[in-house]
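Chemist: In my numbering, the protein residues as written are 1072 to 1342. Before I ask anything, here is the structure I am working with.
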């Protein structure tokens, strides 16, 4: 009898690691409840950072951190959208300091500018156009009703000598493309002046409406169209300096993209 009593005492002092099931013969966790669960008291979780128990705050929910990690409390916020109104869903800015350069042999061979420079024409038909690599970026559209605005800014320079009586200039153009389809284009003329190495600031604003839902690639490409009274040594630089009177910081390009949408999918936002 004494031995049996001692065995019971020793067994009672051992920790239990068995799984417990309610309404199930095969529990799959420490506590496996097969049915409704009614909680009348507190629900706390381990704060692994501080090694303490946390009850969370008002309106917080438990969010899984993945296998092997305890859940954590998160604040759940659902944006309040009014129907049929546009909201700024995405905006970002990109920059590039590499730019593109064109010598006399890089001039475009486009025969008809009016036929080529048409909205939605494919980039493959734009002879002599070079993309500014740092401005080729991916954006996302989540609604079939959207307006996407683009603001492109750069500096255009040519290493012209100081101009006397000769009219020396270069026609150039820059286009904004979405998925290699033209959405906006501006062409200008850069003239030599009384000072050498003329440069100008180029600004361009474009818009695309109702892009398809999903991922899109935005890019900017420019071209040297035609030169007038220039020599073979004249370089046209867009987004990069062609001479030392400015530098690549001053001449860098930037592209700002804003996407306004009428929301159709109300995804909750979790902090």
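All C-beta atoms, glycine included, are put in the ideal place defined by N, C-alpha and C.
1. Please work out which residues of its chain come closer than 6 Å, Cβ to Cβ, to residue 1254, disregarding the five sequence neighbours upstream and downstream, and give them in chain order.
2. Run through the region 1274-1339 for me and flag every whole beta strand (DSSP E) of 3 or more residues, listed as ranges in chain order.
3. Quick one: residues in its chain with C-beta nearer than 7 Å to the C-beta of residue 1333, no 5 flanking neighbours on either side, listed in chain order?
4. For residue 1232, which residues of its own chain have a beta-carbon under 6 Å away from its beta-carbon, when the five flanking residues on both sides are left out?
5. Could you tell me the alpha carbon to alpha carbon distance between residue 1229 and residue 1322, rounded to whole angstroms?
6. Quick check: what's the CA-CA separation for residue 1085 versus residue 1286?
7. Using only the alpha-carbon positions, how far apart do residue 1265 and residue 1258 sit?
8. Specify the secondary structure class of residue 1082 as computed by DSSP and reduced to three states.
9. Rank 1181, 1218 and 1310 by C-alpha distance to the C-alpha of residue 1168 and give the top, closest one.
10. Can you tell me where the beta strand (DSSP E) with residue 1257 in it begins and where it stops?
11. Beta strand (DSSP E) containing residue 1209: first to last residue?
12. Kindly list the residues whose CB is nearer than 7 Å to the CB of residue 1206, restricted to its own chain and excluding five residues on each side of it in sequence; keep chain order.
13. If we call anything under 8 Å between Cβ atoms a contact, is residue 1313 one with residue 1172?
14. What number of angstroms, rounded off, separates the C-alpha of residue 1335 from the C-alpha of residue 1284?
Modeler: Short version:
1. Counting from one through the chain shown, the residue named residue 1254 turns up at place 183. So the list reads 1247, 1277 and 1279, once near-sequence residues are dropped.
2. If we require 3 residues or more, the beta strand (DSSP E) runs fully inside the region 1274-1339 come out as 1285-1299, 1307-1309 and 1324-1332.
3. As a first step, residue 1333 must be located in the chain shown, where it is residue number 262. Hits under 7 Å: 1155, 1156, 1157, 1214 and 1216.
4. Along the chain shown, one-based indexing puts residue 1232 at 161. So the list reads 1267, once near-sequence residues are dropped.
5. As a position in the chain shown, residue 1229 is number 158, starting the count at 1. As a position in the chain shown, residue 1322 is number 251, starting the count at 1. If I take the Cα positions, the gap works out to 12 Å.
6. Residue mapping note: residue 1085 aligns to position 14 of the chain shown, counting from 1. Residue mapping note: residue 1286 aligns to position 215 of the chain shown, counting from 1. Because residue 1085 sits at a pLDDT of 47, beneath the cut-off of 50, its placement in the model cannot be relied upon, and the point is left open.
7. As a working note, residue 1265 is residue 194 in the chain shown. As a working note, residue 1258 is residue 187 in the chain shown. Their backbone Cα atoms lie some 23 Å apart in a straight line.
8. To locate residue 1082, count along the chain shown from 1; it is residue 11. At residue 1082, the pLDDT of 49 sits below 50, so the modelled position is not reliable; the number obtained from the coordinates is stated separately. It is helical.
9. Mapped onto the chain shown, residue 1168 falls at position 97. Closest option to residue 1168, Cα to Cα, is 1310.
10. Numbered from its first residue, the chain shown carries residue 1257 at position 186. For residue 1257, the enclosing beta strand (DSSP E) begins and ends at 1252-1262.
11. What you label residue 1209 is simply residue 138 of the chain shown in a count that begins at 1. First-last of the beta strand (DSSP E) with residue 1209: 1208-1212.
12. On the chain shown, residue 1206 is found 135 positions in, with the first residue counted as 1. Correct list, in chain order: 1165, 1167, 1290, 1291, 1324 and 1326.
13. As a working note, residue 1313 is residue 242 in the chain shown. As a working note, residue 1172 is residue 101 in the chain shown. Contact flag set, yes.
14. The residue given as residue 1335 occupies position 264 in the chain shown. The residue given as residue 1284 occupies position 213 in the chain shown. Rounded to whole angstroms, residue 1335 and residue 1284 show a C-alpha spacing of 11 Å.
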